[in-house]
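In full-length UniProt numbering, the protein residues as written are 1 to 1078.
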């Protein structure tokens, strides 16, 4: 009835149609509304038909309003308040239309007047209201149901997806995911209304000042998924799984771009893989199944109306099941406390994030801070991000200022990454900073939250700094390493994001080759420092580098390769069996002189690598192997050169990412203070990831029994190497420990047993000393490289010198050739300097005397022998025995034997028996020269010692002491005087046993002359006490007491040396001489 008030009063006058004049009169249009109403009532009074028509009008108007409201509700999906306003508006809009028949019955002209009135009076008013109401109910994005302002749980037909450059095949039944809108098939409205879900209202929480207003909860009834799944076969049901839109921790790609894979794709299969096809990175495949925590959060959102954008962001991240579960537990505690009406303002919500790098700790820290702001634990979402080292360098005043500014701005969260740097001793003032933070946690509870992050082991030491730290940081989020399906899922997403979905992958983005690559990366899982997402990016960079090299080579051949194709070789590297044949380093290794055993060992290793490659393609576990090796051998045998070639071959096969060789010695690892050795070792190992680390003279890391305090630092180095080097398949590092075999074995037997598991000394590469033929080949190569030459005789002399030097300890092999070449150059220059300049040749050709001025001593051995003993009296038997040895050596040399091959024919151990002063020491010294001339010794030097030099002073001291004496005498003569004393004392027997053992070792047999001397009776007692000792000294030389005539002759010669003459001694027929001889 209110809508009739603006009708002009004169319209009820005559009951006839209004004239043009009447309508145009402005005065008649402004008559009072009261008179119009009175005229209308007066005409209707007493008419029973009016009341009946009015009742019918109300019923008709209400019915039409209800129908239109329901229609618009199903179309526009308005909320409760706009729905109420819409119903009221439609009722009032339909009411005049319902009154039309009543007015027409009463007067024929009134209906036309009403229509004219609505057109002229209410039309301009109703039109803006209708348009405004319609615009108010429209969504921001009509194609996106989530963007409607007031959504209702009613299904709509899904809009068609936007076109894509390479659309995937559309499955017959789309998979259902709890993080994406459900499949919306059209269902009759009445059925939906009858089965509408129950929505539990959530309490209205105070929002943070700058936090966005959350949208209203949109319940999701189970009705939508049930008819869809029930109509499928069992096979189709298995192919449909709930999936979560997930991504790399640092990725910002929308969920629609996420790629997914199934964990069943990683199941090993004995079948051979089929021929792979090409698939683009943008191809959609079944995503990762939703975890229990993600399903629980979906349930809370659907049933309880929960909402938190920070939790949504964390749930969308790949993996991190423990983190997500702990976050829901924190939320549950907050909700429960608030429902109970208890206070949470005095509770700590500080948290520590533990895990390896690349697991998303920084990203989760940001979301955790936002989560606490959304649930009003902290009043603001201010966020400060820093590191432990930065806090330590800035000092207490700086961190105090940051905290005060955050408190003035409403509070927030402070994230301290690598917090363990505050307590590891490497930063000055770090512990003071942590003590200060403990007080700030107490003072700003309820306003600020502190988030600490770091590796597991380091964070354990971090919490040991102060017992109160654990109580102020009650929550811990453990970031586990990603499993293989998650890594594959993340790799596919990285490729799709980097190349905008255009990159094609041989075998498919989740095919065999990609799975093999991810498995290789995943073998480092569980180890401290495993890179996770960072390692995945590094692997993608390696794949891109291989692709770039391949494309460059193909372009060189004038072909047109596809830049958007990753081949099998790009992803998993070349076939080792083929790549090793094309490797330049492998060819150089085989061109090296000698090293036959090393070459066989390396070949066996690479055959195992090729076998593992085939097993990986068959999706079988590879045979366990380690790239770390022990190199045993003397210096100059090519260990460093082989190490470089070995590393390059590993890089060519794709087993190492770099292949560079880094040479270190034990001094580079050792520190001068406690903890410094560990830090140095970790820094070196971290810097050599992807490279070959060569530790030369590694046996020096074992201090031995007499190392004292220095042994602590060496032990720390060994323990750190054992902890950091795991020797697991896929480890992108190769460590080579080089040294002499005896010392290396001693070290492995006495240090951390884990070292033997990391470096199998039984499978060591043994670098044997070069044979004479190999030394000659190396000599020729070095002469050629330096534009030098030598006569065949000179080369023979050089090899003879090298053969002698081989008996010395630590024979230099190739380095020894450089030494004799240096001497030959000096001798040649001295010889040429004596010639006139015009007679000096331009070409340098060495002669035998350039290498050894006494090179022909063997030809003059007889004369030298007689000359050596001409001043000795009564040594005729000794000279005869030595001449016999010289004849044997001469014959073997004429037959082409080397000196060492004739050692079993010529004794090297002797027993000198006789009283003192009979020439035992002098004979020993002369024998050094004799054996040197025969080519058995590398020096004429005689090492003299006594029994006391072999016997130790405590248990375990005698053996090493005796061994050191023998090592010092290698290539020389060892003369042990008064050896009978070895049968006396508590530790003397230990020295005899050690002596017997040494004489049977290969490192000493035939490489030195050992002479034990003493009185005949006492020496016999010593030999009888140990039968093994007697068998080691088969040759005995007796020195009898000298006759008076021999003594006088020796006296005469000694006096002659001082130019003293004695006539009585010279006159052998005189009475005085005869009297002296009595």
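The beta-carbon is built from N, C-alpha and C at its ideal position, and this holds for glycine as well.
Since this is a predicted model, take the numbers as computed values, not measurements.
Query - Whole-angstrom distance between residue 359 and residue 367, CA atom to CA atom - result: 14 angstroms
**Report entry** Neighbourhood of residue 636 by C-beta, 7 angstroms cutoff - its chain only, sequence neighbours within 5 removed
**Finding:** 812, 813, 814, 815, 816
Requested in this report: For residue 384, write down the residues that DSSP places opposite it in a beta bridge.
Outcome: 414
Report task. Below 8 angstroms CB to CB, which residues in the same chain sit around residue 650 once its five sequence neighbours on both sides are set aside? Result -> 627, 656, 659, 692, 734
Query - Limits of the unbroken alpha helix (DSSP H) element including residue 462 - result: 456 to 463
Query raised in the report: Beta-carbon separation of residue 764 and residue 605 under 7 angstroms?
Result: Contact: no.
Query raised in the report: Where does residue 1007 fall in DSSP's three states?
Result: coil
Requested in this report: Taking only runs that begin and end inside the region 850 to 886, name each unbroken alpha helix (DSSP H) of 4 or more residues, in chain order.
Outcome: Entirely contained in the region 850 to 886, the alpha helix (DSSP H) runs reaching 4 residues are, in chain order, 861 to 868.
Report task. Go ahead and pull the three-state DSSP assignment for residue 515. Result -> In the three-state reduction of the DSSP assignment, residue 515 falls in the helix class.
Query raised in the report: In this structure, what does DSSP give as the bridge partners for residue 453?
Result: In the DSSP assignment, residue 453 forms a beta bridge with 353.
Query raised in the report: If residue 424 sits next to residue 382, beta carbons under 8 angstroms apart, how far is it from one beta carbon to the other, in whole angstroms?
Result: So it is not a contact: roughly 29 angstroms between Cβ atoms.
Requested in this report: Kindly identify the DSSP beta-bridge partner or partners of residue 977.
Outcome: 946
Report task. Kindly indicate which residue of 535, 574, 506 has the alpha-carbon position closest to the one of residue 562. Result -> Comparing Cα positions, the closest option is 506.
Query - Alpha carbon of residue 310 to alpha carbon of residue 320, nearest angstrom - result: Approximately 15 angstroms between the Cα atoms of the pair.
Query raised in the report: With a CB to CB cut of under 7 angstroms and the five nearest residues on each side skipped, what residues in its chain are close to residue 378?
Result: 372, 411, 412, 413, 447, 448, 449
**Report entry** DSSP beta-bridge partners of residue 792
**Finding:** Answer is none; residue 792 lacks a bridge partner.
Query - Nearest-angstrom Cβ-Cβ length linking residue 374 and residue 364, presumed shorter than 8 angstroms - result: About 15 angstroms separates the CB atoms of residue 374 and residue 364; that is not less than 8 angstroms, and the two are not in contact.
Query - Beta-carbon gap between residue 756 and residue 717 smaller than 7 angstroms - result: no
Requested in this report: Give me the Cβ distance between residue 488 and residue 518, rounded to the nearest whole Å; I'm assuming they're in contact under 8 angstroms.
Outcome: Indeed they touch by this definition, with Cβ atoms about 5 angstroms apart.
Query raised in the report: For the 8 angstroms Cβ check, are there 3 or more pairs between the region 537 to 547 and the region 564 to 584?
Result: Touching, yes, given that three or more Cβ pairs across the two stretches are closer than 8 angstroms.
Query raised in the report: First and last residue of the alpha helix (DSSP H) that includes residue 780?
Result: 772 to 785
Query raised in the report: At which residue ranges does the UniProt domain "AAA+ ATPase" (626 to 765) contain complete alpha helix (DSSP H) runs of 4 or more residues, listed in the order of the chain?
Result: Those alpha helix (DSSP H) runs which fall completely within the UniProt domain "AAA+ ATPase" (626 to 765) and span 4+ residues are 639 to 652, 666 to 669, 676 to 687, 710 to 724, 741 to 750, 754 to 758.
Query raised in the report: Considering only C-alpha positions, which residue in the set 629, 429, 1030, 288 is nearest to residue 760?
Result: 629
Query raised in the report: For residue 396, which of 303, 435, 790 has the nearest alpha-carbon?
Result: It is 435.
Query raised in the report: Roughly how many angstroms separate the alpha carbons of residue 1004 and residue 1028, rounded to a whole number?
Result: When rounded, the separation of the alpha-carbon atoms in residue 1004 and residue 1028 is 16 angstroms.
Report task. Keeping to the same chain, check which residues put their C-beta closer than 8 angstroms to that of residue 937; ignore five residues upstream and five downstream. Result -> 804, 807, 928, 931, 971, 972, 973, 1008, 1009
Query raised in the report: Is residue 875 buried or exposed, if buried means 16 or more other CB atoms sit within 10 Å of its CB?
Result: buried
Query - Touch test, the region 525 to 534 against the region 470 to 487, Cβ-Cβ under 8 angstroms, three pairs minimum - result: The region 525 to 534, when compared against the region 470 to 487, does touch it at the 8 angstroms Cβ threshold.
**Report entry** Straight-line Cα distance separating residue 851 from residue 823
**Finding:** For residue 823 and residue 851, the distance between alpha carbons rounds to 7 angstroms.
Query raised in the report: What are the boundary residues of the beta strand (DSSP E) that includes residue 495?
Result: From DSSP, residue 495 is part of no beta strand (DSSP E) but of the alpha helix (DSSP H) over 484 to 498.
Report task. For residue 1021, collect the residues of the same chain with a Cβ closer than 8 angstroms to its Cβ; drop the 5 residues on either side in sequence, then sort them by chain order. Result -> Closer than 8 angstroms at the Cβ level, and outside the excluded window around residue 1021, lie 980, 983.
**Report entry** Segments of 3+ residues assigned as beta strand (DSSP E) that fall wholly inside the region 979 to 1041
**Finding:** Along the region 979 to 1041, the beta strand (DSSP E) occurs as fully enclosed runs of 3 or more residues at 1009 to 1014, 1035 to 1038, listed in sequence order.
Query raised in the report: Quick one: what's got a C-beta closer than 6 angstroms to residue 670's C-beta in the same chain, skipping five residues either side?
Result: 677, 713
Query - Three-way DSSP call (helix, strand, coil) for residue 846 in this model - result: strand
Report task. Identify the continuous alpha helix (DSSP H) that holds residue 821 and give its terminal residues. Result -> 814 to 833
Requested in this report: From the DSSP output, in three-state form, read off residue 506 for me.
Outcome: strand
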